[in-house]
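Residue numbering for the sequence shown follows our numbering, starting at 1 and increasing by one per position.
For glycine and all other residues, C-beta sits at the position ideal for the given N, C-alpha and C.
Below you'll find the structure, written out as structure tokens, and then a few comments.
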Amino acid sequence: DGQWIPPDKFIPLAERHHRIRKLTNRMLDLLVADAQEIPRDLARAMYFSVNLSAEDLAARAIAQRVADVRQACGVDGVMVEATEGVL
Numbered sequence: 001d002g003q004w005i006p007p008d009k010f011i012p013l014a015e016r017h018h019r020i021r022k023l024t025n026r027m028l029d030l031l032v033a034d035a036q037e038i039p040r041d042l043a044r045a046m047y048f049s050v051n052l053s054a055e056d057l058a059a060r061a062i063a064q065r066v067a068d069v070r071q072a073c074g075v076d077g078v079m080v081e082a083t084e085g086v087l
């Protein structure tokens, strides 16, 4: 219905139904697409931050996926944060 749903409502739901990795991958794909709009020389001075769930962090491929996204975005840094549910 077009209403905004805060992350503290939809993330636990995605985790509970094992959809969080799909959501994370979609978010990373959108990050790469959005980063294409930033001039490369500007992007190099930036970093991106991504929240990962316990399920994301347990996935074998997550480190490589984040590294690939960082390279595709052309940024030098990545900040990875664990979602509150991990704690």
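Environment of residue i [buried if 16+ CB atoms lie within 10 Å]
i	result
Asp1	exposed
Glu15	buried
Ile20	buried
Asp76	exposed
Ile62	buried
Under the three-state DSSP convention, the category residue i falls into
i	result
Ala82	strand
Val50	strand
Proximity winner among the options, relative to residue i (alpha-carbon distances)
i	options	result
Val32	Ala58, Val78 and Pro12	Val78
Ala83	Trp4, Ile5, Gln36 and Lys9	Contrary to the premise, residue 83 reads as Thr rather than Ala in this sequence. Comparing Cα-Cα distances from Thr83 to each of Trp4, Ile5, Gln36 and Lys9, the minimum goes to Lys9.
Ile38	Glu81, Pro6 and Ala72	Ala72
Val66	Ile11, Arg40 and Phe48	Phe48
Thr24	Gln64, Asp68, Gly74 and Val50	Val50
Nearest-angstrom Cβ-Cβ length linking residue i and residue j, presumed shorter than 8 Å
i	j	result
Ala35	Ala45	Not confirmed; about 13 Å, so no contact.
* With a floor of 4 residues, list each alpha helix (DSSP H) that falls wholly inside the region 6–30, ordered by position along the chain. => 7–16
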